[in-house]
Amino acid sequence: MALTLRDLDEVIGDYTGPSRAALEYTQLMKKLVDAGKQPGFSADSWAPVAELVAVDSFERIGPFKEVMNWPDYAAFLTQWAQTSEWECSFKRVAEIGSLVLLELEERSTTDGFSSTVNSATTYEYNADGKVVHLAVYLQMQLPDPETLKSYEGIQITE
Numbered sequence: 001m002a003l004t005l006r007d008l009d010e011v012i013g014d015y016t017g018p019s020r021a022a023l024e025y026t027q028l029m030k031k032l033v034d035a036g037k038q039p040g041f042s043a044d045s046w047a048p049v050a051e052l053v054a055v056d057s058f059e060r061i062g063p064f065k066e067v068m069n070w071p072d073y074a075a076f077l078t079q080w081a082q083t084s085e086w087e088c089s090f091k092r093v094a095e096i097g098s099l100v101l102l103e104l105e106e107r108s109t110t111d112g113f114s115s116t117v118n119s120a121t122t123y124e125y126n127a128d129g130k131v132v133h134l135a136v137y138l139q140m141q142l143p144d145p146e147t148l149k150s151y152e153g154i155q156i157t158e
């Protein structure tokens, strides 16, 4: 069954609690990726996102099983935002306690390479409502090896 894609702005008002927080996080990511092309954009520019995460205990596991803490993730996001265009459409969201699963269709262009992927990201929140864990899962076409260069130097777990 194909899901109908919808704009985040169209659906966000339908949600509260952790599900709404995950949608707001995604909206903020879009805003900052767009701002990434402006002069002076740096890892410090992610401060609004840092307010939503538990920076001292935050962990992000990416689609290649790479593990990042907050400073590593902010540096990764900075490089990505400076070189990429990104947008997404909402598919669905599910919430169980402090865990949210957000499904999106994500479209991006980086260094002339365009891709469309289906993503499922889990957001785990602590008792203070801060994100402590993100895990990103993607369905996509095999990327060009050149695209994977941005992951050089990032430790991959087995």
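According to UniProt numbering, the sequence shown is numbered sequentially starting from 1.
Glycine residues also receive a C-beta, built at the ideal position from the N, C-alpha and C atoms.
As the structure is a prediction and not an experimental result, all values here were calculated from the model.
Assigned exposure category for residue i - 16 Cβ within 10 Å defines buried
i, result
"Ala81", "buried"
"Phe90", "buried"
"Phe58", "buried"
"residue 208", "This structure does not reach residue 208, given that the chain is present from 1 up to 158, and the question cannot be answered."
"Met140", "exposed"
"Arg60", "buried"
"Glu10", "exposed"
"Leu32", "buried"
"Leu5", "exposed"
"Glu152", "exposed"
"Ala21", "buried"
"Ala2", "exposed"
Cβ-Cβ distance between residue i and residue j below 7 Å
i, j, result
"Glu66", "Ile12", "no"
"Pro48", "Leu23", "no"
"Ala35", "Lys130", "no"
"Thr121", "Val136", "yes"
"Ala94", "Ala43", "no"
"Arg88", "Leu104", "A quick correction: the sequence has Cys, not Arg, at residue 88. Yes, Cβ-Cβ distance for Cys88 and Leu104 is below 7 Å."
"Thr83", "Thr110", "yes"
"Ser108", "Ser115", "yes"
"Tyr125", "Ser98", "yes"
"residue 225", "Leu52", "The structure shown has nothing for residue 225, since the chain only spans 1 to 158."
Bounding residues of the beta strand (DSSP E) (the contiguous stretch that carries residue i)
i, result
"Val93", "Ser84 to Ile96"
One or two residues paired with residue i in a DSSP bridge
i, result
"Ile61", "Val67 and Ala135"
"Val100", "Glu95 and Tyr123"
"Glu105", "Ser89 and Asn118"
"Thr110", "Ser84 and Phe113"
"Val53", "Val131"
Element boundaries [alpha helix (DSSP H), containing residue i]
i, result
"Ser19", "Gly17 to Ala35"
"Leu11", "The amino acid occupying residue 11 in the given sequence is Val; Leu does not appear at that position. Here the alpha helix (DSSP H) through Val11 covers Leu8 to Val11."
"Ala120", "Taken as a continuous stretch (DSSP letters only), Ala120 belongs to no alpha helix (DSSP H), being part of the beta strand (DSSP E) at Phe113 to Tyr125."
"Ala47", "Ala47 to Ala50"
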